[in-house]
Amino acid sequence: MPELPEVEVTRLGLVDRLDGASVRAVRLGKPLRWPLGIAPQALVGARVGRVQRRGKYLWLPLGEAGGLLLHLGMSGSLRLEAAPTVTPAGPHDHFEMDTDRGRLRLTDPRRFGAVVWSRTMACAPAATLLGRLGVEPLSADFDGGVLHAGLRGRRMPIKPALLAGDVVVGVGNIYCSEALFEAGIDPRLPAGRLDPARCERLAAAVTDVLQRALAAGGSTLRDFRDVHGLGGEFQRQARVYGREGEPCPRCAGPVQRIVQGQRATYFCPRCQPG
DNA sequence: ATGGGTACCTGTCTGC
DNA sequence: TGCAGACAGGTACCCA
Numbered sequence: 121m122p123e124l125p126e127v128e129v130t131r132l133g134l135v136d137r138l139d140g141a142s143v144r145a146v147r148l149g150k151p152l153r154w155p156l157g158i159a160p161q162a163l164v165g166a167r168v169g170r171v172q173r174r175g176k177y178l179w180l181p182l183g184e185a186g187g188l189l190l191h192l193g194m195s196g197s198l199r200l201e202a203a204p205t206v207t208p209a210g211p212h213d214h215f216e217m218d219t220d221r222g223r224l225r226l227t228d229p230r231r232f233g234a235v236v237w238s239r240t241m242a243c244a245p246a247a248t249l250l251g252r253l254g255v256e257p258l259s260a261d262f263d264g265g266v267l268h269a270g271l272r273g274r275r276m277p278i279k280p281a282l283l284a285g286d287v288v289v290g291v292g293n294i295y296c297s298e299a300l301f302e303a304g305i306d307p308r309l310p311a312g313r314l315d316p317a318r319c320e321r322l323a324a325a326v327t328d329v330l331q332r333a334l335a336a337g338g339s340t341l342r343d344f345r346d347v348h349g350l351g352g353e354f355q356r357q358a359r360v361y362g363r364e365g366e367p368c369p370r371c372a373g374p375v376q377r378i379v380q381g382q383r384a385t386y387f388c389p390r391c392q393p394g
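Those letters in the first sequence? Residues 121 to 394, per the working numbering, in order.
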């Protein structure tokens, strides 16, 4: 997916344009990960509030009508098209919400994404999905201490441990490899073995990588688009992700690719000793 | 509690 | 050219 920067880029593109919009129609395409959980007509007439983000989830408040929890899965993106430019729904458009400010559309070829109705963020099903999420990496609450405390006792390698999202949210497969490279930490190191100094370096690297990605509009490997249909640029700045065999930008040795938990990890064995 | 594996689904690229 | 197989940004869930 869309990792945290891509979701935040999406949120930033929606928040002002949708704030106060009134819902005119809701249409569903093929089934997504879970059913919507409410009749689409029940949302007609609702007024949209300010879009929020928690981890990689977006929350679209709908006033009295509750709200929608959205996830972009692996291949999803949201577009907001103004009235004159609306295009017909394609085969991968699985959710559409017409408002007086334009049409919001979820395009998601792989359909790992989700749009789920919930009364509030604090009740099920939203609360269930959000309940296990760790700290927000771009908030003041996140630092090396949080990381160190959260990883204590874990024998799982740091790469999948960071990816799991229960200590810190939003660090997906690209940014995980990038942050570990920036911090000089071996992705295979057992998570609980990271000392406070390494945790401090890693927390700083996570924050830095995510902020730079956000500034670049996120990463577009294939599917991701912002609400205007534009791709992100961060993938060009990636130091190790997707660069197996290429020279490490620091030591010029070959970048290595390994598989951890069925996901590719890219790293430099010389610059990431532990 | 931790952690490993599986499942969901489609499109694209690689190698034979 | 055709086709099988690998691979892709995520994460809930089941089981050991």
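Even for Gly, the Cβ is constructed at its ideal location relative to N, Cα and C. Fair warning: this is a prediction, and the values are worked out from it, not measured in the lab.
- So which of 391, 237, 232 has the shortest CA-CA distance to residue 163? 237
- Excluding the five sequence neighbours on either side, which residues of its own chain have a C-beta within less than 8 Å of the C-beta of residue 350, listed in chain order? Around residue 350: 337.
- Message: Give me, in chain order, the residues of the same chain whose beta-carbon lies closer than 8 Å to that of residue 131; leave out the 5 immediate sequence neighbours on both sides.
- Response: Excluding sequence neighbours, residue 131 sits near 171, 172, 173, 178.
- Query: CA-CA distance, residue 116 and residue 277?
  - Reply: Given that the chain is displayed from residue 121 to residue 394, the structure contains no residue 116 and the question cannot be resolved.
- Query: Along the chain, which unbroken stretches of the beta strand (DSSP E) at least 3 residues long are found entirely within the stretch 148 to 190?
  - Reply: Segments of the beta strand (DSSP E) lying fully in the stretch 148 to 190: 172 to 174, 177 to 181.
- Item | With 16 other Cβ atoms within 10 Å as the buried cut-off, status of residue 128 | buried
- Message: On a Cα-Cα basis, can you pick out the residue from 290, 224, 283, 279 that is closest to residue 256?
- Response: 290
- Item | Where the alpha helix (DSSP H) containing residue 298 begins and where it ends | 293 to 303
- Message: Between residue 267 and residue 288, how many whole angstroms is the CB-CB distance? I'm expecting something under 8 Å.
- Response: 7 Å
- Take residue 314 as the anchor and find which of 265, 342, 210, 227 has the nearest alpha-carbon. If we check each option's Cα against that of residue 314, 265 comes out closest.
- Query: Hey, residue 283 and residue 296: beta-carbon distance below 8 Å or not?
  - Reply: Yes; because the gap between Cβ atoms is below 8 Å, this pair is in contact.
- Task: Assuming residue 253 contacts residue 241 (C-beta within less than 8 Å), just tell me the rounded distance between them.
- Result: Actually they are not in contact, since the Cβ atoms of residue 253 and residue 241 sit about 11 Å apart, beyond 8 Å.
- residue 392 classed as buried or exposed, judged by whether at least 16 other C-beta atoms fall within 10 angstroms: buried
- Return the CA-CA distance between residue 364 and residue 122, expressed in angstroms with no decimal places. 22 Å
- Query: Would a C-beta distance cut-off of 8 Å place residue 168 and residue 192 closer than the cut-off?
  - Reply: no
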